[in-house]
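Visitor: Chains as they are written, first to last, in our numbering: chain A, 5 to 163; chain B, 21 to 443.
Beta carbons: idealized from backbone N, C-alpha and C, even for Gly.
(1) Jot down the residue ranges of each uninterrupted beta strand (DSSP E) in the segment 232-271 of chain B, minimum 3 residues, whole runs only, in chain order.
(2) Return helix, strand or coil for residue 406 (chain B), following the three-state DSSP convention.
(3) Out of B:414, B:287, B:293 and B:255, point me to the one whose CA is closest to residue 278 (chain B)'s CA.
(4) Quick check on this structure: which residue in B:404, B:420 and B:263 has the alpha carbon closest to the alpha carbon of residue 414 (chain B)?
(5) What does residue 22 (chain A) touch in chain B if you count any residue whose Cβ is under 9 Å from its own?
(6) What does a CB cutoff of less than 7 Å around residue 8 (chain A) pick up in its chain, not counting 5 residues either side in sequence?
(7) Between which residues of its own chain and residue 244 (chain B) is the CB-CB distance below 6 Å, once the five residues before and five after are set aside?
(8) Could you tell me the distance, in whole angstroms, from the CA atom of residue 40 (chain B) to the CA atom of residue 34 (chain B)?
(9) Here's the rule I'm using: 16 or more other beta-carbon atoms within 10 Å means buried, otherwise exposed. How should residue 19 (chain A) be labelled?
(10) In this structure, what does DSSP give as the bridge partners for residue 360 (chain B)?
(11) What does a CB cutoff of less than 8 Å around residue 295 (chain B) pick up in its chain, not counting 5 residues either side in sequence?
(12) Rounded to the nearest angstrom, what separates residue 51 (chain A) and residue 57 (chain A) at their Cα positions?
(13) So, with DSSP's three-state summary, where would you put residue 307 (chain B)?
(14) With DSSP as the reference, label residue 126 (chain B) as helix, strand or coil.
(15) The beta strand (DSSP E) spanning residue 438 (chain B) covers which residue range?
(16) Cα-Cα, which of B:335, B:325, B:320 and B:292 is closest to residue 307 (chain B)?
(17) Between residue 378 (chain B) and chain A, is the shortest Cβ-Cβ distance under 7 Å, so that the two count as touching?
(18) Tell me the DSSP secondary structure of residue 54 (chain B) in three-state form.
(19) Using three-state DSSP, classify residue 43 (chain B) as helix, strand or coil.
(20) How about residue 382 (chain B): is its C-beta nearer than 7 Å to some C-beta of chain A?
(21) Kindly indicate if chain B contains any beta-carbon less than 7 Å away from that of residue 31 (chain A).
(22) Just to confirm, are residue 334 (chain B) and residue 359 (chain B) a CB contact at a threshold of 7 Å?
(23) Alpha carbon to alpha carbon, what distance is there between residue 372 (chain B) and residue 266 (chain B)?
(24) Which residues, in chain order, does the segment 118-133 of chain A contribute to contact with chain B at a C-beta distance below 8 Å?
(25) What residues of chain B sit near residue 18 (chain A), judged by a beta carbon separation below 7 Å?
(26) Using the rule of at least 16 other Cβ atoms within 10 Å of the residue's Cβ for burial, across every protein chain shown, is residue 70 (chain A) buried or exposed?
(27) Sort B:347, B:337 and B:388 by Cα distance to residue 327 (chain B) and report the nearest one.
(28) Report the rounded CA-to-CA distance for residue 381 (chain B) versus residue 116 (chain A), giving the unit in angstroms.
(29) Return the first residue and the last residue of the alpha helix (DSSP H) that residue 152 (chain B) is part of.
(30) Go ahead and pull the three-state DSSP assignment for residue 132 (chain A).
(31) Restricting to Cα atoms, I'd like to know which of A:61, A:44 and A:22 is closest to residue 130 (chain A).
(32) Using a Cβ-Cβ cut-off of 7 Å (strictly less than) and excluding sequence neighbours within five positions of residue 292 (chain B), which residues of its own chain qualify?
(33) Residues of chain B with CB under 8 Å from residue 116 (chain A), in chain order?
(34) Along the chain, where does the alpha helix (DSSP H) containing residue 18 (chain A) start, and where does it finish?
(35) Using beta-carbon positions only, say whether residue 8 (chain B) and residue 132 (chain B) come within less than 7 Å of one another.
(36) If you follow the beta strand (DSSP E) that residue 179 (chain B) is part of, which residue opens it and which one closes it?
In structure tokens form, the structure reads like this:
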């Protein structure tokens, strides 16, 4: 478990963060995914790769979190005991700002495809979506990244 | 923009990490894995044995230090969510009671009944109240008057006692309805009295000062609340002025059993299917076995055993599970970095499980009627926390005092006077 943790923690945390844009939530989601893995070890088919299984949990939980969070923000101003997190401008880059403008569902498939390098078919299975939906979310996500103009600057423009 | 450039962009985005984020996760995951490899007996309550309680407390100390740092806000969520197995952010309103059942909640304006869907009703201007065994009625006290009410506030009967029967702010002085529904025990001045469930046959059971009652039969001046046997037999346990736990037949007044009580006992609970009595003082929790000794209606008291608590812990509240020998306790520690509180589930000499660790002070801890959840109150955060014992996520509800505000009075944080009833 220690080796698995060392091998996959950073990827899981990064993927979670790029979807939720919240460091504390990303930490919880990544941690929760590993705890789920520990719980399910006996049932896990060891012939199957661990990485996509873990990432499936991470991205689905990250999506759940963003849905809950957006609901929470819509329900008046909550007197939370927790202080607000720093605004994205302080912690991110142009790419981060561009990503943040995407809907969470599009962010998730962009991250799965371009950070974690899963194929659209694999992403469709992980998120239990039709492959066409994955492709359209990818296309729309990339279009919107290009539209912002920031993505080009961060991507090809910086080379 | 090519796929490669996008991938590089995503990989190169600087990701904020609070100090030690990876190591924190590693400790928790490795501890969970070790637990998995070497499971303890006893199901959920065996998940945290004592060394792990110590580990958790050490971790909590570290976290308490972190909470005071600039990264505190970020870490605070982690304290709540990691230690509590993923308790969510607080929901803004009490929309339902997780696990069902009805709550009886006492505020400065009086007792409120909270239905499973979260709807609530103020019963009237009473100072203290408790449920009848099946939640069909509420017994409420104000001044020198004891009343039985329907859950919509309609009064069924009332009696005027010679002395005060309500002691505001003191949960220990609430009248208590027996599980059979036949009797209600209540404090009146310095007396412990019993009245039938229909408001008749009111009589003295014990007193702190009555010269006609032998010293060992007098009730303790500290007034530890009496506890009914949960078996349905109308047997009542109370602490005498001589510092003994005594079980009486409330019908005949016959003494059925007696044993030395925990010194400075302040709270007593008789539950676990009638097999255990919990005795609590600010620094100690003890469980005492109760069993029928040769006669089904004549219980015997066994030797009490202390439950393991962290050193220097102060017990704020404790409750015995309805059917099992599990004690939930709300405890507070003072460390150099400040106060922090925990909800722990304990079993004598065997295992302990930390359910929740928070900075500041927690209040009450109450078992759900089916014994599968705990309700912990957190006055400083104005929240109730519903914690499942098994799998599943805890739920936090914010703005509790506002939920029970009405009229002109400023809303204060309410007290839970009961969670009713088993389905």
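Guide: Reading it off the structure:
(1) 255-259 and 264-269
(2) strand
(3) B:255
(4) B:404
(5) 30, 33 and 35
(6) 54
(7) Answer for residue 244 (chain B): 259, 285 and 288, listed in chain order.
(8) 16 Å
(9) buried
(10) B:353 and B:379
(11) 309, 310, 311 and 345
(12) Separation of residue 51 (chain A) and residue 57 (chain A) (C-alpha to C-alpha, rounded to the nearest whole angstrom) is 12 Å.
(13) Of the three classes helix, strand and coil, the one that applies to residue 307 (chain B) here is strand, per DSSP.
(14) strand
(15) 435-440
(16) Ranked by how close their Cα comes to the Cα of residue 307 (chain B), the residues B:335, B:325, B:320 and B:292 have B:325 in first place.
(17) no
(18) helix
(19) helix
(20) It does not; no Cβ of chain A falls within 7 Å.
(21) yes
(22) No, the Cβ-Cβ distance between residue 334 (chain B) and residue 359 (chain B) is not below 7 Å.
(23) 29 Å
(24) 118, 119 and 121
(25) Under the 7 Å cutoff, chain B gives 35.
(26) buried
(27) Among B:347, B:337 and B:388, the Cα nearest to that of residue 327 (chain B) is on B:347.
(28) 42 Å
(29) Here residue 152 (chain B) belongs to no alpha helix (DSSP H), and DSSP marks it neither H nor E.
(30) coil
(31) A:61
(32) 340, 341, 343, 344 and 345
(33) Within 8 Å Cβ-Cβ: nothing; residue 116 (chain A) doesn't reach chain B, min ~11 Å.
(34) 6-24
(35) Here chain B covers residues 21 to 443 and nothing more, so residue 8 (chain B) does not appear.
(36) 175-180
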